[in-house]
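Numbering-wise (UniProt numbering), the sequence shown opens with residue 1 and increments by one.
For every residue, glycine included, the Cβ atom is placed at its ideal position computed from N, Cα and C.
In this text the structure is predicted, and so the values were computed from the model without any measurement.
Take a look at the structure set out below.
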Amino acid sequence: MMGFVGVGGFCGSAAGQKARISGQGLASARRVSVARSCRSRVSMTLAEPMVETEAPVSASEESFVERDDIRNIAIVAHVDHGKTTLVDALLAEAKVFRENQTVQERVMDSNDLERERGITILAKNAAINYEDVKVNIVDTPGHADFGGEVERVLNMVDGVLLVVDAVEGPKPQTRFVLKKAIEMGHKIVVVVNKIDRPNSRPDYVLDSTFDLFVELGASDEQTDFEVVYCSALRKVSGPSPDELEDNLKAVLDCILTLPKPKVKVDGKLQMMVSNVDYDEFKGRLGIGRILSGEVRSKSEITVCHPEKDPKKQRISEVFAFNNLGKASVDSASAGDLVMFAGVEQFDIGDTIADTSAPTPLPPIAVEEPTVRMSFSVNTTEFAGREGKYVTSRNLRDRLMKELEKNVAMRVENTDSADTFIVCGRGPLHLTILIETMRREGFEFLVGPPDVIYKKIDGEQCEPFETVDIEVQEEYMGGVVDLLGRRKGLMTDMGSCNAEGMCSVTYVIPTRGLLGVRSAILTATRGTAIMTTTFAGYQPYAGDLPKKDQGSLLAYETGKVTTYGVEGAQDRGKLFVKPGEEIYKNQIVGLHQRPGNLNINVCKTKALTNFRASGKDNDKNVQGFIDLSLDDCIEYIGQGELVELTPESIRMLVKVTKKQK
């Protein structure tokens with residue numbers, strides 16, 4: 001580690017700088033110590049010669065060398081703070097696209113579900129060239145449910161761009177991703193995005209970010225982070241909010257200040273598999289970072305793991321990342337991120353090693369799942385009508401395949417060969433898998449989400465979440481009452497901004513969050529913004545209140561009629577429309593009172609010899625509730641199931657053999 005003293009400034013720890021600053025407030029001291037822009041660093045290098053003090057190099061570091069021509073970085077942030085938009089802007093700045101090329105927004109989000117939901121689900125790679133340096137960029141998800149993607153990506157990189165919204169500042173998921181980066185010792189550049197918004201508050205955001213660094217136990221070197229301000233949407237950036245230029249060179253200059261890869265160029269091959277992809281022609285592809293040595297096409301390697309027997313395999317082709325795609329190369333050396341084909345048996349966390357010295361690397365550590373759901377074969381009356389894959393073997397093979405690339409997921413067998421327990425990091429994590437399988441042609445049943453309990457020091461403990469909610473001041477009372485009844489504990493309540501939005505933070509059992517999203521949206525007329533992140537295991541909080549409304553169940557199998565709907569809608573709100581086919585015990589509506597009620601929505605008019613004076617119409621039919629997959633999984637409770645087919649989503653009450 002080197003300390004520099006020069007005319008341009010002193011680059012020591014943030015704490016040391018604040019101690020030397022006199023006559024300034026705490027906020028301004030932080031800005032002087034922390035918000036050093038990349039431009040100030042450039043001016044230092046152009047100033048008078050600097051005095052360098054070099055720490056002695058240990059024997060273990062002598063064999064490592066730095067590669068000047070590569071930077072491996074990850075972009076992390078809270079949901080909707082602009083990670084993927086920033087990647088789009090960096091790709092455009094690096095001239096990846098032609099001037100006349102039409103580029104869709106969030107070009108990195110290529111998955112259908114990602115584009116529909118507007119979120120990043122899977123980590124993705126891209127590479128750009130800037131000032132003769134290849135920059136490998138990894139875009140990461142922002143939701144806590146996909147934290148496994150973030151954790152494994154941080155194993156591949158040397159530095160991190162932390163994107164923070166210029167209005168909102170650090171949020172719960174910012175804390176999660178920053179904590180992981182700090183624990184791994186990564187150097188971090190803070191990018192204050194959306195600086196063009198009229199109500200932006202860069203000083204507050206910078207101070208809050210610095211406080212978060214200190215709170216998470218960052219080292220002096222990590223708290224002395226670089227800061228750059230930008231608007232990824234407008235493609236402007238600069239060292240301060242008042243010095244913005246019509247390009248993103250300030251961001252790219254900051255990227256070049258991140259650590260260079262330290263590698264063993266002359267060592268034996270070692271590469272950690274951090275991701276898996278698939279190509280229709282090449283088959284299964286592995287993605288990883290070469291830590292030592294060199295990997296070549298058509299070469300023999302050994303796949304090893306601390307808990308598995310080593311297996312000799314052969315790499316048929318090696319790819320390097322190039323812009324948004326990949327390019328075949330003869331070889332790649334330590335420090336680069338590559339993709340390889342030809343190896344049949346490998347998993348995420350395995351090490352690709354030289355056959356002469358197959359030494360495995362420590363596997364990727366990922367936090368354990370907190371929520372589980374049951375997946376079972378479809379046994380309803382309509383089973384096999386719409387799906388392509390309907391057997392337990394199809395279901396099991398697909399779940400096992402998911403484990404190959406989803407490191408945060410677990411699958412357990414049950415006493416029944418037709419039912420499996422799937423564990424994940426949250427309901428959204430499992431919902432994405434369910435929707436993906438449904439679109440692939442699978443037909444199956446899923447049960448309600450449930451939390452995973454643990455015994456800690458002999459005491460029953462359950463997972464808790466930190467919930468951050470932004471809501472209009474007039475609806476704050478309803479939110480506080482709702483979360484309080486679900487065993488939530490308020491930990492922070494912020495002041496309202498100029499737009500009347502207030503923020504409140506709770507620590508609440510994960511059980512209390514299951515099904516709460518729709519209730520909060522109803523209580524706030526759809527204006528609330530809720531984000532969650534895992535807070536750890538705490539002692540069991542006690543029983544939660546039961547649902548105050550039951551379900552309307554179909555009395556018989558048949559087709560829904562307008563006449564039947566007219567008679568049933570006084571009992572509650574219906575989920576089915578006239579003309580739909582339903583079966584007995586299917587959930588067809590929300591009862592207005594506690595408890596379930598059987599109703600006949602397939603009822604037809606009795607035939608008589610009298611001609612009706614009027615004609616049948618649906619003027620008396622009220623509106624129907626159209627539920628999405630997320631809504632259905634939130635709605636169901638104990639003893640209820642969701643039936644998934646490529647064409648339909650239905651809810652039903654599980655009928656026991658005794659009831660049959």
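Rounded straight-line distance, which links the Cα of residue j to that of residue i
{"i": "residue 649", "j": "residue 503", "result": "35 Å"}
{"i": "residue 445", "j": "residue 375", "result": "6 Å"}
{"i": "residue 368", "j": "residue 178", "result": "19 Å"}
{"i": "residue 194", "j": "residue 238", "result": "12 Å"}
{"i": "residue 462", "j": "residue 488", "result": "13 Å"}
{"i": "residue 469", "j": "residue 165", "result": "16 Å"}
{"i": "residue 465", "j": "residue 80", "result": "20 Å"}
{"i": "residue 548", "j": "residue 519", "result": "12 Å"}
{"i": "residue 276", "j": "residue 340", "result": "10 Å"}
{"i": "residue 442", "j": "residue 537", "result": "34 Å"}
{"i": "residue 662", "j": "residue 246", "result": "Beyond the ends of the chain as shown, which are 1 and 660, falls residue 662; an answer cannot be given."}
{"i": "residue 244", "j": "residue 196", "result": "10 Å"}
{"i": "residue 545", "j": "residue 516", "result": "12 Å"}
{"i": "residue 490", "j": "residue 208", "result": "20 Å"}
{"i": "residue 279", "j": "residue 154", "result": "24 Å"}
{"i": "residue 450", "j": "residue 282", "result": "39 Å"}
{"i": "residue 427", "j": "residue 63", "result": "46 Å"}
{"i": "residue 583", "j": "residue 540", "result": "39 Å"}
{"i": "residue 626", "j": "residue 216", "result": "43 Å"}
{"i": "residue 638", "j": "residue 653", "result": "9 Å"}
Beta-carbon contacts of residue i that lie in its chain and below 8 Å, excluding the five residues immediately before and after
{"i": "residue 661", "result": "Lying outside 1 to 660, the shown extent of the chain, residue 661 is not represented and no answer is given."}
{"i": "residue 129", "result": "94, 135"}
{"i": "residue 591", "result": "549, 550, 551, 552, 571, 572, 597"}
{"i": "residue 82", "result": "163, 165, 193, 194, 232, 233"}
{"i": "residue 361", "result": "270, 272, 291, 351"}
{"i": "residue 133", "result": "68, 69, 70, 71, 256"}
Close-in-space but distant-in-sequence residues of the same chain around residue i (CB under 7 Å, 5 per side omitted)
{"i": "residue 636", "result": "448, 642, 651"}
{"i": "residue 343", "result": "286, 303, 313, 315"}
{"i": "residue 218", "result": "182"}
{"i": "residue 200", "result": "166, 167, 194"}
{"i": "residue 292", "result": "263, 264, 267, 268, 269, 270, 334"}
{"i": "residue 431", "result": "629, 630, 633"}
{"i": "residue 72", "result": "136, 156, 157, 158, 261, 289, 337"}
{"i": "residue 486", "result": "508, 512, 516, 544"}
Rounded distance between the beta-carbons of residue j and residue i, thought under 8 Å
{"i": "residue 456", "j": "residue 483", "result": "Not quite, the Cβ-Cβ distance comes to about 24 Å (not below 8 Å), so this is no contact."}
{"i": "residue 407", "j": "residue 372", "result": "The Cβ separation is near 17 Å, so there is no contact."}
{"i": "residue 385", "j": "residue 646", "result": "That pair is no contact at about 10 Å."}
{"i": "residue 392", "j": "residue 411", "result": "Incorrect: roughly 13 Å between the Cβ atoms, too far for contact."}
{"i": "residue 248", "j": "residue 433", "result": "That pair is no contact at about 35 Å."}
{"i": "residue 138", "j": "residue 232", "result": "The Cβ separation is near 17 Å, so there is no contact."}
{"i": "residue 355", "j": "residue 300", "result": "5 Å"}
{"i": "residue 622", "j": "residue 569", "result": "5 Å"}
{"i": "residue 564", "j": "residue 601", "result": "4 Å"}
{"i": "residue 533", "j": "residue 210", "result": "Incorrect: roughly 20 Å between the Cβ atoms, too far for contact."}
Per-residue DSSP class, three states only, for residue i
{"i": "residue 519", "result": "helix"}
{"i": "residue 186", "result": "coil"}
{"i": "residue 507", "result": "strand"}
{"i": "residue 394", "result": "helix"}
{"i": "residue 563", "result": "helix"}
{"i": "residue 633", "result": "helix"}
{"i": "residue 641", "result": "strand"}
{"i": "residue 140", "result": "coil"}
{"i": "residue 92", "result": "helix"}
{"i": "residue 203", "result": "helix"}
{"i": "residue 372", "result": "strand"}
{"i": "residue 539", "result": "strand"}
{"i": "residue 419", "result": "strand"}
{"i": "residue 435", "result": "helix"}
{"i": "residue 603", "result": "coil"}
{"i": "residue 60", "result": "Only weak support exists for where residue 60 lies, its pLDDT of 42 falling under 50; the value from the coordinates is given anyway. Coil, per DSSP."}
{"i": "residue 463", "result": "strand"}
Contacts around residue i, its chain only, beta-carbon distance under 6 Å, and the 5 residues preceding and following it disregarded
{"i": "residue 395", "result": "444"}
{"i": "residue 327", "result": "320"}
{"i": "residue 363", "result": "349"}
{"i": "residue 529", "result": "470"}
{"i": "residue 303", "result": "311, 313, 346, 350"}
{"i": "residue 661", "result": "Residue 661 lies beyond the residue range present for the chain, which begins at 1 and ends at 660; the question has no answer from this structure."}
{"i": "residue 492", "result": "505"}
C-beta neighbour in chain D for residue i, strict 9 Å
{"i": "residue 288", "result": "Structure shown: chain D not included; a single protein chain is present."}
Taking the runs of the alpha helix (DSSP H) that are 4 residues or longer, which of them lie wholly in the segment 310 to 346?
none
3-residue-minimum beta strand (DSSP E) runs that sit fully inside the segment 208 to 273, ordered along the chain:
226 to 231, 236 to 238
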